[in-house]
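>
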Amino acid sequence: MKKIFEFFSARHILATLFTIAIVMLGVNSARTLKRDIIPEVDFGEMIITTTYPGASPEDVELNVTNKIEDELSSVTGIERITSTSLENISVINVTIDINVKDMDKVKTDIRDAVGRVTDFPPEVTESPLITEVDTSQIPVIEVGITGDIPYDELREIAKRFENKLKAVPGVSRLDKFGYRAREIKVEVNPKALDTYQIPLREIIQAIEYRNIRLTGGTFESYTSEKNVVTLAQFSRPSEVGDVIVRSTFEGPVVKVRDLAVIRDDFEDEDLITRIDGRNTISFLVYKSENADIIRTVRSIKDMINQEAGKGMLAGYVDREAGEGPKESKSGPSFLRFLNRGRQDESIYRYGPVRILFAQDQSRFVQNRYKIVLTNGIVGLAFVIFMLGIFLNIRTAFWVAVGIPVSITGVFFLLPLFGRFLDTISLASLVLVIGIIVDDAIIISESIFYRRSVGDTPLEAAANGTNLVFFPVLTTILTTFLAFAPMLFIKGIFGKFVFVIPLTVSLALFVSLGESLFALPAHLARGMEKSSKGAQRAAARKWFNSLRAFYRRIAYRFLKFRYPLLVLFLGVFLTAIWYARNNMEFLLFPSTGSETFAIDVELPTGTSLQAGSEKMKEMEQIVQSLPEGELENFVTRIGSLSMMDGEMSAGQAENYAHIIVGLTPYSERERDADEIVEEMRAKIDEIDGIDKVTFSIFRAGPPVGKPITLRVIGVDDGMRRSLAGTIENSLKSVQGVKDIDRDDKL
């Protein structure tokens, strides 16, 4: 190895080019590297959702759920099938065995099995919706439109805005809330029916027979072939009134308008959405699989900012005086550019409406970038300061260069392993920043020592590196082996944490390569230019005094080594005892969480509007949070949330939830748990609520609730009775809270 070190130590230009190349490649890769909130993971699950309007849970189970489950039972490769039959809807979760060789084939078989079910009731007009559960199903931001204008005007603006959102690069699909479908309502007059002796069914049939679009085959001639199509669909509401219901030779011609009032309206409201307490039509935005989350969200906000100057949505635009895109002014100036995509959620005004933002997932990734940048800069400063004291500034600089070289090296190498930057890989970089300079410090000190005993700069670089090569390699390998077991963890958890040992290993080995082949050349070049002045002599004098003091302390410790060994062993055992009996184990703690959900169950029979009024009381409690803690919140009346990795949710008028977004953890004094406990105490004082449960979004893979109990049986009444008994029993257990049941709808 010594010959190799001599070769690189004597070629300063080659070492410099090597360092610059790694940095340049890493910076270029960072500009194009995809960034996301969590790694790309296929959960091996599929959700089959079927809508059965007007059906009770029992009818849904009998006529929809059971039929689909019977077909799914013939598919090989399925580990588990769980279903929830709710009012109007069937939700079936299919979990695929992670050990199957061809998961895509199993997914195709599942789709084929569902497609074979055709004997649904007539009310089931739409085919079952099959959704693959993976990380691409996580929305990146929610954009809401609100304003004190009639709903039809707000909906028209939202319709145009939807087209703009779909055209943004990186946006794959949108989920709409509060966007009611257009509906022509025929309000029949009972007295008119009695006068003309016409049953209601006859009016329905007349409208159905008139509103048609059918193909009638083809018309063939010697020179051409033309399709025959019957086009008789309604194009205007007035055409519905012109439909003839009854016509006889003796009696009058009776049209729909003679029997009913025709109104151009919208379907009845079954879900209410509010952002920051304002009623909205909102869009949950999903990005495409290969899109960058930060660029996608920034493009959405840039589009809104650009359109605000064109007036393309509402016909005219008047941005409020003094309002515009704002940058966060908190933190050091070198971090402000990281917040350039974070804009005030209510700064855009399209004529009479406002554009609101909520659930911005890109801010989590941006915050991780800030942490990596901050730790990198602080690490550079400390390395330069400490090595500048014990060695010299030139040596300290070249050792500190290993930090950005290692980080940019990881940016360049991650795509080669099919990975990208996410909050977990960025957290891994934060973890390894304190380790990647250790090898450089050891090598530089060894080179510095060889120079002090009389070696020439080139000899010192080669001899010093060769002297500590195996110890340095050993430290790198031991650290790598400490993380290596995480590479072999199976299941969904293993897919999530795989990037941690990969990122740490890449950073370690890039740092090792830079320390062995580039650092010696830089230090040799620097030592050729350095001089031994009075300042160096003074530094050596105080360092020798410090070393003599340490030698005396070490000698005393070695003299009483056995008593000290017993003492430290006792401290070690005491620490283990204390940790086992007094410290909690949390796989993914909620300390840094920035989002939590409040699920609310109102008394059965509560109307949507009554539930909306009750939720306003809860919204006031949320809004009472200090400004430095509350970022935004989204309220939905008529549905349950999907937190803690649960893959099923339902809709009913007596259910609601609030998703609360908090400011970054570094900008507030309390963590999410403390905020939730305060809100729990206040919400418990509200009357007219059956149950309230809190769910804190924790970083890492979706692991569900800490404990899940399933009651299985063929008798629904017995299942419910046993579930109630278990629930009452759990309530008496200390430490148990937020008990939830999936049979409540």
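Take 0 as the starting number for the sequence shown in numbering that gives the first Met the number 0 and just add one per residue.
Ideal placement from N, C-alpha and C gives every residue a C-beta, glycine not left out.
What are the start and end residues of each continuous alpha helix (DSSP H) run of 4 or more residues lying completely inside the segment 168-230, in chain order?
Runs of the alpha helix (DSSP H) inside the segment 168-230: 189-195, 199-209.
> Tell me which residues share the same chain as isoleucine 354 and place their Cβ nearer than 7 Å to its Cβ, disregarding the 5 neighbours each side in the sequence.
Val142, Ile144, Ile303, Tyr347, listed in sequence order.
> Rounding to the nearest angstrom, what Cα-Cα distance links alanine 231 and glutamate 182 in this structure?
Straight-line Cα distance between these residues: approximately 18 Å.
> Hey, which unbroken runs of the alpha helix (DSSP H) at 4 residues or more fall wholly within the segment 457-534?
Counting whole runs of 4 or more residues, the segment 457-534 contains the alpha helix (DSSP H) stretches 468-482, 490-496, 498-516, 518-528.
> Below 8 Å between beta carbons: does that hold for leucine 522 and serine 405?
No, these two residues do not count as a Cβ contact at 8 Å.
> Looking only at its chain, what residues have a beta carbon closer than 6 Å to the beta carbon of alanine 506, apart from the 5 residues adjacent to it on each side?
Here the set comprises Ser405, Val409, Val431, Ile435.
> In or out: isoleucine 706 buried (at least 16 other Cβ within 10 Å) or exposed?
Exposed: under 16 other Cβ atoms inside 10 Å.
> The alpha helix (DSSP H) that contains glycine 453, what's its start and end?
Element bounds for glycine 453: n/a, residue is neither H nor E.
> Contact between the segment 171-178 and the segment 384-402: three or more CB pairs below 8 Å?
Contact fails: fewer than three Cβ-Cβ distances are below 8 Å.
> Is it the case that the segment 65-81 contacts the segment 9-25, given that we only count it when at least three CB pairs across the two stretches are under 8 Å?
No, because fewer than three Cβ pairs between the segment 9-25 and the segment 65-81 fall closer than 8 Å, the two stretches do not touch.
> Span of the alpha helix (DSSP H) holding isoleucine 370?
Per DSSP, isoleucine 370 belongs to the alpha helix (DSSP H) from 361-389.
> Got a sec, what are the start and stop residues for the alpha helix (DSSP H) alanine 680 sits in?
671-682 is the span of the alpha helix (DSSP H), which, as asked, contains alanine 680.
> Among all the DSSP beta bridges, which residues are the ones paired with histidine 11?
DSSP, once it has assigned bridges, lists no residue as partnering histidine 11.
> Count the CB pairs spanning the segment 546-553 and the segment 415-425 that are closer than 8 Å, and state whether there are at least three.
With a cut-off of 8 Å, the segment 415-425 and the segment 546-553 do not count as touching, because too few Cβ pairs lie within range.
> Whole angstroms is fine: what's the gap from glutamate 666's alpha carbon to glutamate 628's?
So the two alpha carbons sit approximately 8 Å from each other.
> For my contact list, isoleucine 280 and alanine 157 are in at a C-beta cut-off of 8 Å; report their separation, rounded to the angstrom.
Indeed, because the Cβ distance is near 4 Å, the residues count as touching under 8 Å.
> What is the rounded straight-line gap between the Cα of alanine 459 and the Cα of glycine 525?
Using only the alpha carbons, I get a separation of about 12 Å.
> Comparing C-alpha positions only, which one of Ile271, Met45, Leu283, Asp683 sits nearest to valine 105?
Selected option, being the one with the closest Cα: Met45.
> Could you spell out where the alpha helix (DSSP H) holding asparagine 65 opens and where it closes?
Looking at the DSSP string, the run of the alpha helix (DSSP H) that includes asparagine 65 is 65-71.
> Taking valine 26 as the reference, which of Pro403, Ile261, Lys690, Gly687 has the closest Cα?
Considering only alpha carbons, the answer is Pro403.
> Under a Cβ-count criterion, where at least 16 other Cβ atoms within 10 Å of its own Cβ denotes burial, should asparagine 62 be classed as buried or exposed?
Classification for asparagine 62: buried.
> Could you pull the start and end residues of the beta strand (DSSP E) that threonine 798 belongs to?
One cannot answer for residue 798 here, as it falls past the ends of the chain, which runs 0 to 744.
> Which residue wins for smallest C-alpha separation from leucine 16, given the options Pro562, Thr724, Ala520, Gln608?
Among Pro562, Thr724, Ala520, Gln608, the Cα nearest to that of leucine 16 belongs to Ala520.
> Any chance the segment 145-152 sits against the segment 360-375, with 3 or more Cβ pairs inside 8 Å?
These segments do not touch.
> If we count the other Cβ atoms within 10 Å of its Cβ and call it buried at 16 or more, is valine 296 buried or exposed?
Label assigned to valine 296: buried.
> By Cβ distance below 7 Å, which residues in the same chain neighbour isoleucine 446 in space, the five residues on each side in sequence not counted?
Counting only Cβ-Cβ distances below 7 Å, and skipping sequence neighbours, we find Ala459, Ala460, Gly463, Thr464, Pro519, Leu522.
> Taking its Cβ as the centre, do 16 or more other Cβ atoms sit within 10 Å of phenylalanine 411, making it buried, or is it exposed?
It counts as buried.
> List in chain order: all unbroken alpha helix (DSSP H) runs of 4+ residues lying wholly within the segment 38-118.
Correct list: 56-59, 65-71, 102-114.
> Going by DSSP in three states, serine 234 sits in which element: helix, strand or coil?
It is coil, neither helix nor strand.
> In or out: valine 735 buried (at least 16 other Cβ within 10 Å) or exposed?
Exposed.
> Give the range of the beta strand (DSSP E) segment to which arginine 283 is assigned.
One detail in the question is off: residue 283 reads as leucine in this sequence, not arginine. Element bounds for leucine 283: 280-286.
> Measuring CB atoms only, is the segment 81-89 touching the segment 103-120, in the sense that at least three cross pairs come out at less than 8 Å?
No, the segment 81-89 does not touch the segment 103-120.
> Hey, isoleucine 491 and valine 40: beta-carbon distance below 8 Å or not?
Contact flag set, yes.
> What is the DSSP secondary structure of alanine 259, counted as helix, strand or coil?
DSSP places alanine 259 in strand when its eight states are reduced to three.
> Nearest-angstrom Cα distance between alanine 481 and isoleucine 3?
Looking at the two C-alpha atoms, the distance is approximately 29 Å.
> Nearest-angstrom Cα distance between aspartate 715 and valine 59?
Each residue's alpha carbon lies about 14 Å from the other.
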